[in-house]
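Report on the following structure.
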Amino acid sequence: MDKTFHDIGIEGLGKVMKEILEMGKPYPVWTFTGDLGAGKTTLIQALGKAIGIQDEISSPTYNYVNEYSGGLYHFDCYRLDSVEQALNLGLEEYIDSGQRCWVEWPEVISSLLPTPSLHIHVGHESADTRTYHLSIH
């Protein structure tokens with residue numbers, strides 16, 4: 001099942017988040033793709049609040065994964081060079097834990113990710129609006 005939302009500004013984000021949370025219920029691993037600055041981390045912050053994460057969610061760019069109370073692991077794989085590097089960092093153990101794992105820049109570790117999982121692509125439409133494409137694969 002695929003769904004796409006066009007021309008979504010901040011006021012329309014709630015509708016998109018509701019759909020993401022509904023589609024993602026059966027899947028502990030969600031992947032987030034999009035250009036730098038597209039809004040992946042902002043979306044993850046909003047989704048985290050929506051599921052009750054009390055901690056401040058920030059991008060784990062330099063330490064690859066942040067763990068939050070409430071059972072959420074947030075990955076940023078932008079700086080990973082290989083699957084081997086991910087394995088050496090123990091990322092597979094997080095992914096296999098059954099806990100929520102939200103992964104930005106998942107391409108380099110795609111072979112470690114379970115299928116099916118929820119994939120969210122965030123695209124720029126303008127300075128104030130985004131496109132969100134949701135798919136299960």
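At position 12 of the sequence shown the residue is numbered 12 (UniProt numbering), and the sequence of numbers has no breaks. Don't be surprised by glycine CBs; every beta carbon is placed ideally from N, CA and C.
Presumed contact (8 Å Cβ cut-off) between residue i and residue j, rounded CB distance
i   : j    : result
T31 : V103 : 5 Å
L21 : A50  : 6 Å
Close Cβ partners of residue i (< 7 Å) along its chain, the five nearest in sequence each way excluded
i    : result
Y27  : P116, S117, L118
G39  : V122, R130
D55  : Y68, S69
S111 : V83
C101 : P28, V29, Y73, F75, Y94, I95
Reduced DSSP category for residue i - H, G, I as helix; E, B as strand; rest coil
i    : result
T129 : coil
Y64  : coil
L36  : coil
K3   : strand
E56  : coil
Y78  : coil
G12  : helix
T42  : helix
Residue j beta carbon less than 8 Å from that of residue i
i    : j   : result
I136 : M1  : yes
A86  : E92 : yes
N63  : H74 : no
G90  : Y68 : no
V83  : I44 : no
E125 : D7  : yes
Residue i classed as buried or exposed, judged by whether at least 16 other C-beta atoms fall within 10 angstroms
i    : result
D35  : exposed
I120 : buried
D96  : exposed
D128 : exposed
P114 : exposed
D76  : buried
I10  : exposed
8 Å CB neighbourhood of residue i in its chain, flanking five on each side removed
i   : result
M23 : M1, K3, L118, L134, I136
G52 : G70
G12 : F5
G98 : P28
Own chain residues within Cβ distance below 6 Å of residue i, not counting five before or after
i           : result
residue 172 : No statement about residue 172 is possible, as the shown extent of the chain runs from 1 to 137 and does not include it.
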